[in-house]
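Residue numbers (the UniProt record's numbering): 1 to 385. Built from N, CA and C at the ideal position, the CB exists for glycine as well. Contents: one structure, followed by commentary.
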């Protein structure tokens, strides 16, 4: 392969940027024209690659980006991203000048934080902030009307702060039962109504709420998991008005193939024993790559055929039982398509007994990323070299 000069192992992840573009475009068509999309690229864009996804999302119609921490925002600035960036999580008050210098918008939710930040902000600086309301998620945020009033007054008295937005986060928007969602939405409306001057951006919808409740959308939405082609939850999947396109796939190659005899054992603990003559292949992926031991027994694709992982998954390798002898170097698909077969992120999440969000996030940076555009490799990112 041409890309072999950029990485030196037989395992890689592919991120189809066309899928990212299509997903963002589909959401944009669903929304009123005045509603902006804030593309959430925290956690290295859910393991897909922050700057690559950010550029594609902006090209597809998103106008802003959101991350979890200041470091993630600064990394995007360093990589040349000039679009507005909102830090959704907590930032240290002593770092407020850096946010002002780099035009990074901060989330605020504590009066003491504002008072402390005033001590660190230069007189000629200005930083944009969004107030976070806790309407029932229980993580971060202001919880009462009195706090909202105090916060607005405090911000308005210091021209170095620009109150650009106010938002909340739903805890159950991806569940079919809407009772708690409705409670949160009603409280959000009540708390926003306290403001004497409504800020430019009012946003409460995550991917699930965006796809399900367009009537409750204000003037911005935060598009996270759906941008990557993954369903916010399996139970709401039938309610999604268009097909999502999974952008992430994971691939490797067989590096060793051998025939076992009845009674031969495989891997740590000798937990797998051959029941007869069996062909076994070794795949150079392990739990240090994020392919955790709990995936023992999970199937992967070899030449479009599902084959099971046998024995315990090692730090750097695992073994599969092949239907017959297969040449060393044959492609193995852990997530994605091979011929007419498909292993989805949701399938892997089910085996791991977790949610699909976690799967691409835990595929470590030890695994190179290939970015696909128009069916061709557009960029290769090897975080180790």
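First and last residue of the uninterrupted alpha helix (DSSP H) at residue i
| i | result |
| --- | --- |
| residue 181 | 179-193 |
| residue 331 | Careful: residue 331 lies outside any alpha helix (DSSP H), inside the beta strand (DSSP E) at 331-338. |
| residue 113 | 111-120 |
| residue 65 | Residue 65 -> not in any alpha helix (DSSP H); beta strand (DSSP E) instead, spanning 64-67. |
| residue 16 | Careful: residue 16 lies outside any alpha helix (DSSP H), inside the beta strand (DSSP E) at 11-16. |
| residue 283 | Segment 278-283 is the beta strand (DSSP E) holding residue 283; no alpha helix (DSSP H) there. |
| residue 362 | 358-362 |
Residue i and residue j closer than 9 Å at C-beta
| i | j | result |
| --- | --- | --- |
| residue 161 | residue 127 | yes |
| residue 58 | residue 247 | no |
| residue 250 | residue 336 | yes |
| residue 100 | residue 73 | no |
| residue 184 | residue 135 | yes |
| residue 360 | residue 48 | yes |
| residue 15 | residue 334 | no |
| residue 65 | residue 31 | no |
| residue 221 | residue 35 | yes |
| residue 238 | residue 207 | no |
| residue 340 | residue 303 | no |
| residue 24 | residue 37 | yes |
| residue 51 | residue 76 | yes |
| residue 309 | residue 290 | no |
| residue 383 | residue 46 | no |
| residue 281 | residue 313 | no |
| residue 364 | residue 311 | no |
Beta bridge counterpart(s) of residue i as assigned by DSSP
| i | result |
| --- | --- |
| residue 344 | Bridge partners of residue 344: none, in fact. |
| residue 293 | Its beta-bridge partners do not exist; DSSP assigns none. |
| residue 260 | 278 |
| residue 372 | 16, 377 |
| residue 34 | According to DSSP, which records beta bridges pairwise, residue 34 is partnered with nothing at all. |
Reduced DSSP category for residue i - H, G, I as helix; E, B as strand; rest coil
| i | result |
| --- | --- |
| residue 39 | strand |
| residue 411 | The question about residue 411 has no answer, for the chain in this structure spans 1 to 385. |
| residue 253 | strand |
| residue 327 | coil |
| residue 246 | coil |
| residue 138 | coil |
| residue 82 | coil |
| residue 210 | helix |
| residue 367 | coil |
| residue 55 | helix |
| residue 380 | strand |
| residue 175 | coil |
| residue 220 | strand |
| residue 96 | helix |
| residue 308 | strand |
| residue 88 | coil |
| residue 72 | helix |
| residue 287 | helix |
| residue 46 | helix |
Unbroken beta strand (DSSP E) run spanning residue i, endpoints
| i | result |
| --- | --- |
| residue 203 | 201-205 |
| residue 319 | 318-322 |
| residue 161 | 161-167 |
| residue 130 | 127-132 |
| residue 154 | Residue 154 -> not in any beta strand (DSSP E); alpha helix (DSSP H) instead, spanning 145-156. |
| residue 299 | 299-302 |
| residue 104 | 104-108 |
Sequence-distant residues of its chain with Cβ nearer than 8 Å to residue i (five each side left out)
| i | result |
| --- | --- |
| residue 116 | 93, 94 |
| residue 91 | 69, 70, 99, 106, 107 |
| residue 164 | 105, 128, 129, 130, 199, 200, 201 |
Residues of its chain near residue i, where Cβ-Cβ distance is below 7 Å and the 5 sequence neighbours each way are ignored
| i | result |
| --- | --- |
| residue 10 | 252, 253, 255, 284 |
| residue 120 | 93, 94, 96, 97 |
| residue 218 | 202, 203, 204 |
| residue 151 | 111, 131, 142 |
Close-in-space but distant-in-sequence residues of the same chain around residue i (CB under 6 Å, 5 per side omitted)
| i | result |
| --- | --- |
| residue 294 | 352 |
| residue 43 | 361 |
| residue 81 | 54 |
| residue 79 | 51 |
| residue 144 | none |
| residue 212 | 239 |
| residue 102 | 77 |
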